[in-house]
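Number of protein chains: 2
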Amino acid sequence: MATIYDVANAAKVSPKTVSRVLNGDAPVGKKTRDAVNAAIAALGYVPSNAARMMRSNKSGLVGLITGAISDTIEPAQPAGLPELLLVRGIQQTIGLTGKTLMIADSGNRSERVPELIKTFLEHRVEGLIYVAPYHQNVLLPPLPSDTPIVLTNCFDEIGTPAVIPDDRRGQHDLVARLIAAGHERIAYLTLREDIVATGLRRNGYREALGEADIAYDPALVQCGEIGSPETETQVLWTAIDRMLNLDQPPTVFCCGNDRQALKVYGILRSRGLAVPDDISVAGYDNYRVIAETLYPPLTTVELPYTAMGVRAAQRLLELISGEGRSDAGTDVVAGPVYWRQSVTERRPSNVSQLKLVRED
Amino acid sequence: MATIYDVANAAKVSPKTVSRVLNGDAPVGKKTRDAVNAAIAALGYVPSNAARMMRSNKSGLVGLITGAISDTIEPAQPAGLPELLLVRGIQQTIGLTGKTLMIADSGNRSERVPELIKTFLEHRVEGLIYVAPYHQNVLLPPLPSDTPIVLTNCFDEIGTPAVIPDDRRGQHDLVARLIAAGHERIAYLTLREDIVATGLRRNGYREALGEADIAYDPALVQCGEIGSPETETQVLWTAIDRMLNLDQPPTVFCCGNDRQALKVYGILRSRGLAVPDDISVAGYDNYRVIAETLYPPLTTVELPYTAMGVRAAQRLLELISGEGRSDAGTDVVAGPVYWRQSVTERRPSNVSQLKLVRED
DNA sequence: TGCACTTATGACATCGGTGTCATGACATCG
DNA sequence: CGATGTCATGACACCGATGTCATAAGTGCA
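Line order of the protein sequences matches chains P and L.
Going by numbering that gives the first Met the number 0, the first sequence runs without a break in its numbering and finishes at 359.
Going by numbering that gives the first Met the number 0, the second sequence runs without a break in its numbering and finishes at 359.
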């Protein structure tokens, strides 16, 4: 690969003059400049970032650590793709600044993370972003204090800058919207109990009910994701069955995610129930391939991965430029409700009538 | 950030000795080594890759150019995620070698590609991988001859090393399997005419029919993806309708991809047809979130993105190490058929009976 | 015409590592 | 006991850019 000296020789000038042409930091005579540019083109010269970095100490690199790309060789969950939207948002934002994103993958084995961080530090990245595959609590090894880091889709307990989804508000807004559409018996099929989102979303669900003076009925809240993936359909089937046989059965099923909603569509139809004429269904995530493609399209809440990625990258850029504060804490990002045809609009007027009837 | 000189001073040795401890390229006395390691730990020293690279000319970097991460700000296609499995396969394979992957994103605007290539060359990447979001023909700007490149999910007409999916064989194997299961009237809802895969897959479809001496019936092959995304459901509905009203209606619908199959499930059920009892459905891609979650689970062919990513990375590594040949042409990767409950097994014995009946 | 000033260019040191070669201290062997 | 070889270590140059400073040529103004 040609160097700046080769170019200087070919153009019969000093290396420093070539440098000036490249960076435009001092005026260069037109004839000289043309000769240099001609030499650069003829030799196919591309300046070396490494040499440049040695003097400037600016690498122009941002490191991204994720388990999202290859969680395992054969991912247990068939989902596990949407969180790549986070990477998309980050890449878009970082790319705009002219910096280059380096991606490393922990394969979701946290013991590999320190090694990846070391590689990034060797490349003198200006900042780091850590992306978790789902909303969770993490604990990362300490970093040198001059390298900022932003956690994305996760948080820790020492106040590291973080960007997480607003699970409580998402579920709240969806349920509030269902209530506005006239639903009162709102079933909720949750995700596994041990994930952070489940608790937050149930809070949102209860909050929305409370605001509408609807009593919380534990019989309407069941986990739809117990046990192994193989038994999942059976678990769902049983939970749905139980709820449909209640004295006051639900008029709508809220699902833990759109994938679960897809399963619920199939189960309900196998029982001869039409969506939404006999029963409404709502999801979570706005996983578009499912939500928009399902027939009828699925009402759901956006899990705002792309927006979170953008926000995380912005925060990191602020930290790098010195504007941001590393103690500014956690950003919570909410996503909108997408109202589609999987939920019926019952008339609000009917709602009050129903209430009256029931109060008789 | 501490340098090797700081460490040398702290350990009271020469920088070269520190270098030897780091790289183990020459024996170092135990006491000296311990002192050096202590100094490294105390100062939090991390060697600079840039400085290292200046002498060694080995960057340890591989560049990946893709439009797959952010095709546009608001992707027109709600799909556009599975091709990230390519990135996953590449990352896995590159990561094993200790090299670091740099990712840049063209945002699917090809005019940005030269700029991205330049950035990578400045970082002196050892090789490049270009990933297309779907199987297509591309034309990249020329590269310096000492930087190898592998095209993935695309190819060009000048014989650049490439890895593409075996669309013909995938569709062939699926149809052959359907025939083995006793199906003869096999409908085929294709993707858009202008994409490479459509032609190849139709060849595979015809080939499989030919091998079983089943006549090709153009009435059974219709494009399911004409016009805008909004009208897609309508187009599908019409195509399905037309085929179901044939004198000899199909017993199975092959879809252009799993997403289309998901739509077809909904349409068939709305017409009161049960899958698979009344009519069978097959997809393409093995997009697991859909194929495994659909009820009943979907028979489909794998579009072997992860395997292709692995293969592409392997080929690049061979080229970098000098083993591979840059004129070895195009690798075609086939994926297996996933046989699930969306297709009925008709008895082969019945098939011959049916044939007899028809020949009467 | 001479002096101050700008413009265009080059010489040289420097960034942080590593390759090459030299050197001093021991160990081994005839 | 001296010659030879091995081991541990250091001095120094070099990789390819760029910052600093010096200098030569040209420009404006008194």
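Cβ atoms here follow ideal geometry from the backbone N, Cα and C, with glycine treated the same way.
This structure is a prediction, so every number in the text was calculated from the model and none was measured.
**Request:** Quick one: residues in its chain with C-beta nearer than 7 Å to the C-beta of residue 165(P), no 5 flanking neighbours on either side, listed in chain order?
**Result:** Taking the first sequence and counting its residues from 1, one reaches residue 165(P) at position 166. Taken in chain order, the residues that qualify are 331, 332, 333.
**Request:** State buried or exposed for residue 78(L), treating a residue as buried only when at least 16 other CB atoms are found within 10 Å of its CB.
**Result:** Here residue 78(L) refers to the residue found at position 79 when the second sequence is read from its first residue. Annotation note: pLDDT 48 at residue 78(L) (below 50); position unreliable, coordinate value reported separately. That one is buried.
**Request:** Could you spell out where the alpha helix (DSSP H) holding residue 215(P) opens and where it closes?
**Result:** Counting from one through the first sequence, the residue named residue 215(P) turns up at place 216. For residue 215(P), no alpha helix (DSSP H) segment is defined, and its DSSP state is neither H nor E.
**Item:** the segment 224 to 237 of chain L / the segment 201 to 209 of chain L touching (three or more Cβ pairs under 8 Å)
**Value:** Of all C-beta pairs linking the segment 224 to 237 of chain L to the segment 201 to 209 of chain L, fewer than three are shorter than 8 Å, placing the two stretches out of contact.
**Message:** Within 8 Å, do at least three Cβ pairs link the segment 90 to 104 of chain P to the segment 100 to 108 of chain L?
**Reply:** The segment 100 to 108 of chain L, when compared against the segment 90 to 104 of chain P, does touch it at the 8 Å Cβ threshold.
**Request:** Report the neighbours of residue 48(P) on chain L: residues whose CB is nearer than 8 Å to its CB, in chain order.
**Result:** As a working note, residue 48(P) is residue 49 in the first sequence. Result: 49, 121, 122, 123.
**Asked** CA-CA distance, residue 129(P) and residue 114(P)?
**Response** If you number the first sequence from 1, residue 129(P) lands on position 130. If you number the first sequence from 1, residue 114(P) lands on position 115. In this structure, the CA atom of residue 129(P) is about 14 Å from the CA atom of residue 114(P).
**Contacts around residue 275(P), its chain only, beta-carbon distance under 7 Å, and the 5 residues preceding and following it disregarded** = Residue numbering aside, residue 275(P) sits at position 276 when the first sequence is read from its first letter. Hits under 7 Å: 295, 340, 341, 342, 343.
**Asked** Just how far apart, CA to CA, sit residue 185(P) and residue 174(P)?
**Response** By 1-based counting over the first sequence, the position of residue 185(P) is 186. By 1-based counting over the first sequence, the position of residue 174(P) is 175. Answer to the nearest angstrom: the Cα atoms are 8 Å apart.
**Message:** By the three-class DSSP mapping on this structure, what secondary structure does residue 233(L) have?
**Reply:** For the purposes of this step, residue 233(L) is taken as residue 234 along the second sequence, with counting starting at 1. Correct three-state label for residue 233(L): helix.
**Sufficient close CB pairs (3 or more, under 8 Å) joining the segment 275 to 289 of chain L to the segment 309 to 320 of chain L** = With the cut-off at 8 Å, the segment 275 to 289 of chain L and the segment 309 to 320 of chain L do not touch.
**Item:** Neighbourhood of residue 171(P) by C-beta, 6 Å cutoff - its chain only, sequence neighbours within 5 removed
**Value:** Sequence index remark: in the first sequence, residue 171(P) carries index 172 (1-based). Excluding residues up to 5 positions away in sequence, 203, 206, 207 lie with their Cβ nearer than 6 Å to the Cβ of residue 171(P) in the same chain.
**Request:** Starting from residue 316(P), trace the alpha helix (DSSP H) both ways and give me its first and last residue.
**Result:** Within the first sequence, numbered from 1, the residue matching residue 316(P) stands at position 317. First-last of the alpha helix (DSSP H) with residue 316(P): 304 to 320.
**Request:** Kindly provide the ranges of any alpha helix (DSSP H) runs that are 4 or more residues long and lie completely inside the segment 76 to 132 of chain P, ordered along the chain.
**Result:** Correct list: 83 to 95, 112 to 121.
**Request:** Mind reading off the beta-carbon distance from residue 48(L) to residue 121(P)? Whole number of angstroms is fine, and I expect it under 8 Å.
**Result:** Residue numbering aside, residue 48(L) sits at position 49 when the second sequence is read from its first letter. Residue numbering aside, residue 121(P) sits at position 122 when the first sequence is read from its first letter. Contact flag correct, Cβ pair sits at about 4 Å.
**Asked** So which of 193(P), 179(P), 169(P), 176(P) has the shortest CA-CA distance to residue 200(P)?
**Response** Within the first sequence, residue 200(P) is the residue found at index 201, counting from 1. When C-alpha distances from residue 200(P) are compared across 193(P), 179(P), 169(P), 176(P), the shortest belongs to 169(P).
**Message:** If you measure between the beta carbons of residue 251(P) and residue 182(P), is that distance less than 7 Å?
**Reply:** On the first sequence, position 252 is the one that residue 251(P) refers to. On the first sequence, position 183 is the one that residue 182(P) refers to. Yes, Cβ-Cβ distance for residue 251(P) and residue 182(P) is below 7 Å.
**Message:** I need the straight-line Cα distance from residue 159(P) to residue 268(L), nearest angstrom please.
**Reply:** In the first sequence, the residue the question calls residue 159(P) occupies position 160. In the second sequence, the residue the question calls residue 268(L) occupies position 269. When rounded, the distance between both Cα atoms is 50 Å.
**Prompt:** Taking the continuous beta strand (DSSP E) assigned at residue 163(L), which residues delimit it?
**Reply:** Working through the second sequence from its first residue, we reach residue 163(L) at position 164. Boundaries of the beta strand (DSSP E) around residue 163(L): 161 to 164.
**Item:** residue 134(L) (DSSP reduced to helix, strand or coil)
**Value:** On the second sequence, position 135 is the one that residue 134(L) refers to. Correct three-state label for residue 134(L): strand.
**Message:** Given a cut-off of 7 Å on the beta-carbon distance, is the pair residue 60(P) and residue 124(P) in contact?
**Reply:** The residue you call residue 60(P) lines up with position 61 of the first sequence. The residue you call residue 124(P) lines up with position 125 of the first sequence. At a Cβ-Cβ threshold of 7 Å, residue 60(P) and residue 124(P) count as neighbours.
**Asked** beta strand (DSSP E) containing residue 34(P): first to last residue?
**Response** Here residue 34(P) is taken as the residue at index 35 of the first sequence, counted from 1. For residue 34(P), there is no enclosing beta strand (DSSP E); the enclosing alpha helix (DSSP H) has its first and last residue at 29 to 42.
**Request:** Would you decide whether residue 58(L) is buried or exposed? Buried here means 16 or more other CB atoms lie within 10 Å of its CB.
**Result:** In the second sequence, counting from the first residue as 1, residue 58(L) sits at position 59. The residue is buried, with at least 16 neighbouring Cβ atoms inside 10 Å.
**Request:** Could you check how far apart the C-beta atoms of residue 187(P) and residue 220(P) are, in whole angstroms? I think they sit under 8 Å.
**Result:** The residue labelled residue 187(P) in the question sits at position 188 within the first sequence. The residue labelled residue 220(P) in the question sits at position 221 within the first sequence. Contact between residue 187(P) and residue 220(P) holds, with the beta-carbon distance rounding to 5 Å and staying under 8 Å.
**Item:** residue 223(P) versus 314(P), 33(P), 216(P), 232(P), residue with shortest Cα-Cα distance
**Value:** To locate residue 223(P), count along the first sequence from 1; it is residue 224. Closest option to residue 223(P), Cα to Cα, is 232(P).
**Request:** Output, in chain order, the set of chain L residues within a Cβ distance shorter than 9 Å of residue 325(P).
**Result:** Within the first sequence, the letter at position 326 stands for residue 325(P). Taking a Cβ-Cβ threshold of 9 Å, none of the residues of chain L is close to residue 325(P); the smallest such distance is about 18 Å.
**Prompt:** Do residue 17(P) and residue 31(P) have their CB atoms nearer than 7 Å?
**Reply:** Start at 1 with the first residue of the first sequence, and residue 17(P) comes out as number 18. Start at 1 with the first residue of the first sequence, and residue 31(P) comes out as number 32. No, these two residues do not count as a Cβ contact at 7 Å.
**Item:** Residue from 134(L), 37(L), 191(L), 246(L) with nearest C-alpha to residue 218(L)
**Value:** To locate residue 218(L), count along the second sequence from 1; it is residue 219. Distance check between residue 218(L) and each of 134(L), 37(L), 191(L), 246(L) places 246(L) closest, using alpha-carbon atoms only.
**Message:** Can you find the residues in the same chain that come closer than 7 Å, C-beta to C-beta, to residue 284(P), ignoring five residues on each side of it along the sequence?
**Reply:** Reading the first sequence from its first residue, position 285 is the one you call residue 284(P). Result list for residue 284(P): 81, 256, 257, 299, 302, in chain order.
**Message:** I'd like the list of long-range same chain contacts for residue 14(L), defined as Cβ closer than 6 Å, with 5 residues on each side in sequence excluded.
**Reply:** Looking up residue 14(L) in the second sequence gives position 15. So the qualifying residues of the chain are 3, 4, 7.
**Request:** Name, going along the chain, the residues of the segment 329 to 341 of chain L whose beta-carbon falls closer than 8 Å to a beta-carbon of chain P.
**Result:** Under the 8 Å Cβ criterion, the segment 329 to 341 of chain L contributes no residue.
**Asked** Taking any Cβ of chain P, which residues in the segment 261 to 273 of chain L have a Cβ under 8 Å from it, in chain order?
**Response** Across the segment 261 to 273 of chain L, CB contacts with chain P closer than 8 Å involve 261, 262, 264, 265, 266, 268, 269, in sequence order along the chain.
**Prompt:** Do residue 261(P) and residue 292(L) come within 7 Å of each other at the CB atom, strictly closer than that value?
**Reply:** Translated into positions along the second sequence, residue 292(L) becomes position 293. Translated into positions along the first sequence, residue 261(P) becomes position 262. Cβ atoms of residue 292(L) and residue 261(P): closer than 7 Å.
**Asked** Are there 16 or more other CB atoms within 10 angstroms of the CB of residue 65(L), so buried, or fewer, so exposed?
**Response** Taking the first residue of the second sequence as position 1, residue 65(L) is located at position 66. A residue is called buried once 16 or more other Cβ atoms fall within 10 Å of its Cβ, and residue 65(L) is buried on that count.
**Prompt:** Which residues, taken in chain order from the segment 297 to 319 of chain P, show a beta carbon closer than 7 Å to some beta carbon of chain L?
**Reply:** The segment 297 to 319 of chain P vs chain L, Cβ under 7 Å: nothing.
**Item:** Segments assigned beta strand (DSSP E), at least 3 residues, entirely inside the segment 276 to 302 of chain L
**Value:** Complete beta strand (DSSP E) runs here, min 3: 279 to 281.
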